[in-house]
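Undergrad:
Residue numbers (the working numbering), protein chains in the order written: chain S, -4 to 320; chain X, -4 to 320; chain B, -4 to 320.
(1) Can a CB atom of chain S be found closer than 8 Å to the CB of residue 123(X)?
(2) Rounding to the nearest angstrom, what Cα-Cα distance links residue 256(X) and residue 204(X) in this structure?
(3) Taking 8 Å as the threshold, find out whether the stretch -3 to 7 of chain S comes into contact with the stretch 180 to 197 of chain S through three or more Cβ pairs.
(4) Determine the direct distance from the alpha carbon of residue 11(X) to that of residue 82(X), and round the result to whole angstroms.
(5) Determine, for residue 142(X), whether the minimum Cβ-Cβ distance to residues of chain B falls below 8 Å.
(6) Between the C-alpha atoms of residue 300(X) and residue 150(S), what's the straight-line distance to the nearest angstrom?
(7) Using 10 angstroms around the beta-carbon of residue 316(S), count the other beta-carbons present and answer buried if the total reaches 16, otherwise exposed.
(8) Is DSSP giving residue 16(B) helix, strand or coil here?
(9) Taking the C-alpha atoms as reference points, what is the distance between residue 235(B) and residue 172(B)?
(10) Could you give the distance in angstroms between the alpha-carbon of residue 57(S) and the alpha-carbon of residue 193(S)?
(11) In whole angstroms, what is the alpha-carbon distance linking residue 184(B) and residue 102(B)?
(12) Alpha carbon to alpha carbon, how far is residue 305(B) from residue 129(S)? Give it in angstroms, no decimals.
(13) Less than 8 Å between the beta carbons of residue 30(B) and residue 41(B), yes or no?
(14) When the Cα atoms are used, what is the spatial distance from residue 252(B) to residue 314(B)?
(15) From residue 264(B) to residue 210(B), what distance separates their C-alpha atoms?
(16) Specify, as a first and last residue, the run of the alpha helix (DSSP H) that residue 149(X) falls within.
(17) Beta-carbon of residue 272(X) versus every beta-carbon of chain B: anything under 8 Å?
(18) Per DSSP, which residues does residue 252(B) bridge with? Please list them.
(19) If you run the structure through DSSP and keep just helix, strand and coil, what is residue 89(X)?
(20) Within 8 Å of any Cβ in chain S, is that where the Cβ of residue 117(B) sits?
(21) Closer than 7 Å, Cβ to Cβ, to anything on chain X: give me those residues from the stretch 296 to 318 of chain B, in chain order.
(22) Which of helix, strand or coil does DSSP assign to residue 175(X)?
(23) Name, please, each residue of chain X whose Cβ falls closer than 7 Å to the Cβ of residue 275(B).
(24) Which partner residues of residue 122(S) appear in the DSSP bridge assignment?
(25) So which residues of chain S does residue 269(X) contact, with C-beta pairs closer than 8 Å?
(26) Along the chain, where does the alpha helix (DSSP H) containing residue 44(S) start, and where does it finish?
(27) Hey, quick one: how far does the alpha helix (DSSP H) through residue 66(X) stretch, first residue to last?
(28) Determine the direct distance from the alpha carbon of residue 294(B) to that of residue 8(X), and round the result to whole angstroms.
(29) In the DSSP assignment, find the alpha helix (DSSP H) that holds residue 308(B) and state where it starts and stops.
(30) Taking residue 262(B) and residue 307(B) to be in contact with their CB atoms under 8 Å, please state how far apart those CB atoms are, rounded to whole angstroms.
(31) Under the rule that 16 or more other beta-carbon atoms within 10 Å means buried, what is residue 168(B), buried or exposed?
(32) For a test of the three-state rule: what should DSSP assign to residue 180(X), helix, strand or coil?
(33) Going by alpha carbons, who is nearest to residue 227(X) out of 187(X), 277(X), 266(X)?
(34) Taking just the CA atoms, how far does residue 288(X) sit from residue 282(X)?
(35) Would you mind working out which of 105(S), 84(S), 117(S) sits nearest residue 303(X), comparing C-alpha positions?
(36) Quick one, which of 74(S), 249(S), 26(S) has its alpha-carbon nearest residue 108(S)'s?
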């Protein structure tokens, strides 16, 4: 009996560590401590969201164990971060308010579906030594929102709004608010729009790698700049939604998949600009059918950067050796 | 003279067998007898549709012969089923009524185009040992409907309607009608909405493989359940349109590409659910531009299932050995 | 000093030759002289457009040099033609009028982005020995138009109109105008809608290869025929917009990637028809969100043709040996 009890306890502990690793994976880190800090930040911002996120990461990690996925991948948290994002975004887009318990049902199913997509996309992308990244999250959340639609009787959600220039009698832009949007852009990677928790999340990244944190802020600033140049809605700038794709694109190139030097640094800035502009374009496109652009732009631009031939490719770290520290 | 006559006769006979094999391929079977039964069922439901289907399967098989496609593929009926579906669906969506003879022109051209797409997609998908399946049909029918548009003077068609919850003063759901929709879901694979022919089609599958027939019914039931959970229009449930993607997804995993055991059975049910939900999502998306979702959902989910790593992949039957019985 | 001066001069000269090669690459030729003729034709049609095109081809070629792309590709003009098209099309869709100098900024950035996409797509498509073709141009121009949107305060543009049958009180079709649209279809590959320059462009192709020029005219005629059969707007027929995808599809198969004989000639005609119909379908689809179909159709159909197995594949020229003369 004791043995069985110990085994269960050990498995529970392991699952928690895998889950925390998964939480930190969302922001391209890989460290249970960073994961715990991020979870604390999310709990501070909204306990309901933190609950959904925890549920998502545990469900998808468990689903991966049951489906017999590769052990190293599971223990590295690779099967957790997509499920977490799906679960949290379902909460963000839901118009039924917090603590709407029925939402746990699609959250669990959606998180488990991520494992199917992760496992199915891996052999496709592996041919070019590409990571699956957050493609499963982006696919599942778009399908979920399409499936339910804004007027669903069980799971209603807010339609996404365009990022494009729609205001006619816009007020003047407030510089302080725009600057505030830069750290918020880092928090928006976890769909978190409050300043305190965003800074805590940034701190969690700093704990893992100062280089990554610097590129996160830089990318968010670049994204905000791109948003300004295209005259997007002021709310996008203030809330950090303009910045988070830039931040992800910048981090992936500048702090994760390539060895750092001034050349990759320039490529990281280019990647941030491309991600930000592509995000504006995609949110204008998907906004016509009421869908959000999520992190499609950053995911695709980072994938493109990994495929580049020429001078950038010489600094590329092979996938097997990335994410180790 | 006699020799030439005999040769022609033999070729005609062979073409008929290949065509009948192609007809049965639509529902994942591979048996001329099942094909003949299905053709009889279609003739019973609508002679015009059966004519279009026969024309489609013959045209695309002939086109494959002329284009010098692989002989084993042609004689296995692999170049027939996409053409048949394109041709029949053109008839279903046409708003010019039955026996509109001009429709034979796009039906022939569309069926022949399927051979181009089949032959072009095969090398792409072959890298991962994936079948081309009904991708050509889905692409060609969507392009045809986009090309003509609802108000085309020569080939008008009905715009597709959303599956989403659109009714406000909806009547109560009738349980009997919903149950009736389950066998209809099997018939809808051939765009056939009558009960008798649907049962005959189910019988044709039963003749080929009882396992496949059981999974067809199971998948259709799962699809109907998914439709109920998302509160789709009642007509979708009654007509079996909610069920047919689930049926295809369930059959592909449970009865065709994997050896049968209780694990693959569970995966088959998961595949049916994923196909059904993805179908609702896609029909909501494509419905905004007046397009039907066809069998995109089932085709993509089945492809995903074939790509899965982990416990499912150990039961996978290599493509070369599938479809033999 | 003299040495340095000479080197600069030599580099400038080389860049000019690479650029002219890039200009001719747009229409599948590969000859600096043809490039110069085409540039003269564009200058005749609109000096502003010619300036944008020159800027685009130089920017993207320079960006490729800076990014350390393969030298043989750069000197072959492979990194120029996408940038040229992006830059010119930005000018065509801009509603701010000619000589709007701010447009040079997105033109330069968009052209440089093409190098990223070219370099990133190359390893993907290389697996099947496929060319990158004008995929980067099509992606970048669509993203640019989505990003700015019709009401952008800095870079406004005309929304694209449907090709579909929208007119109710249409006037009678004028045969002379339709025939005039056939050579215009060749000019529309460079977004040029005047007869004189179009004929000069055709002359430039004739200079490179009479076979290619014949297929360009044939393809444009086929595209016009396809447009007539689908009752598209009369303006599309008159302006040559119906024909240019057909021309590109026909040229790629009939004069470039396959050795010429009567079989590949028939395939070239089929390719022209498929390109033209796919273009009508895509422009109807993309027109619903105000986007043009560009040359997506021809690019995809040509890629499909290169993938075909069967009798066509035996005449295929390996990618390394194409484009040499």
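The beta-carbon is built from N, C-alpha and C at its ideal position, and this holds for glycine as well.
All of these numbers come straight from a predicted model, not from anything done at the bench.
TA: Let me lay it out:
(1) At a cut-off of 8 Å between C-beta atoms, residue 123(X) counts as an interface residue with respect to chain S.
(2) Straight-line spacing of the CA atoms in residue 256(X) and residue 204(X) works out to 15 Å.
(3) Taking one beta carbon from each stretch, the stretch -3 to 7 of chain S and the stretch 180 to 197 of chain S have fewer than 3 pairs nearer than 8 Å; the two do not touch.
(4) Distance between the alpha carbons of residue 82(X) and residue 11(X) is about 17 Å.
(5) Interface residue, yes.
(6) Going by C-alpha positions, residue 300(X) is about 27 Å away from residue 150(S).
(7) By the 10 Å Cβ count, residue 316(S) comes out exposed.
(8) When DSSP states are grouped into helix, strand and coil, residue 16(B) belongs to the helix group.
(9) Straight-line Cα distance between these residues: approximately 10 Å.
(10) The alpha-carbon separation between residue 57(S) and residue 193(S) amounts to approximately 28 Å.
(11) About 18 Å.
(12) Rounded to whole angstroms, residue 129(S) to residue 305(B) spans 39 Å at the Cα level.
(13) No.
(14) Going by C-alpha positions, residue 252(B) is about 8 Å away from residue 314(B).
(15) C-alpha of residue 264(B) to C-alpha of residue 210(B): approximately 9 Å in a straight line.
(16) Counting along the chain, no alpha helix (DSSP H) covers residue 149(X), and no H or E run does either.
(17) Taking CB atoms only, residue 272(X) has no neighbour in chain B less than 8 Å away.
(18) None; residue 252(B) has no bridge partner.
(19) Secondary structure at residue 89(X): strand, using DSSP grouped into helix, strand and coil.
(20) Contact with chain S is found for residue 117(B), since one of that chain's Cβ atoms lies less than 8 Å from the residue's Cβ.
(21) Correct list: 299, 302, 303, 304, 305, 306.
(22) If DSSP states are grouped into helix, strand and coil, residue 175(X) belongs with the helices.
(23) Contact of residue 275(B) with chain X by beta-carbon distance below 7 Å involves 142.
(24) Beta-bridge pairing links residue 122(S) to no other residue.
(25) Near residue 269(X) (Cβ distances below 8 Å), the residues of chain S are 108, 111.
(26) Note, residue 44(S): alpha helix (DSSP H), 42 to 61.
(27) Unbroken alpha helix (DSSP H) run through residue 66(X): 66 to 70.
(28) Distance between the alpha carbons of residue 8(X) and residue 294(B): 40 Å.
(29) Unbroken run through residue 308(B): none, as it is neither H nor E.
(30) With 8 Å as the limit, residue 262(B) and residue 307(B) qualify as a contact, their Cβ atoms being about 5 Å apart.
(31) Looking at its Cβ environment, which holds fewer than 16 other Cβ atoms inside 10 Å, residue 168(B) is exposed.
(32) Helix, per DSSP.
(33) Residue 277(X) is the option with its Cα nearest to residue 227(X).
(34) So the alpha carbons of these two residues sit roughly 8 Å apart.
(35) The option with the nearest alpha carbon to residue 303(X) is 117(S).
(36) The option with the nearest alpha carbon to residue 108(S) is 74(S).
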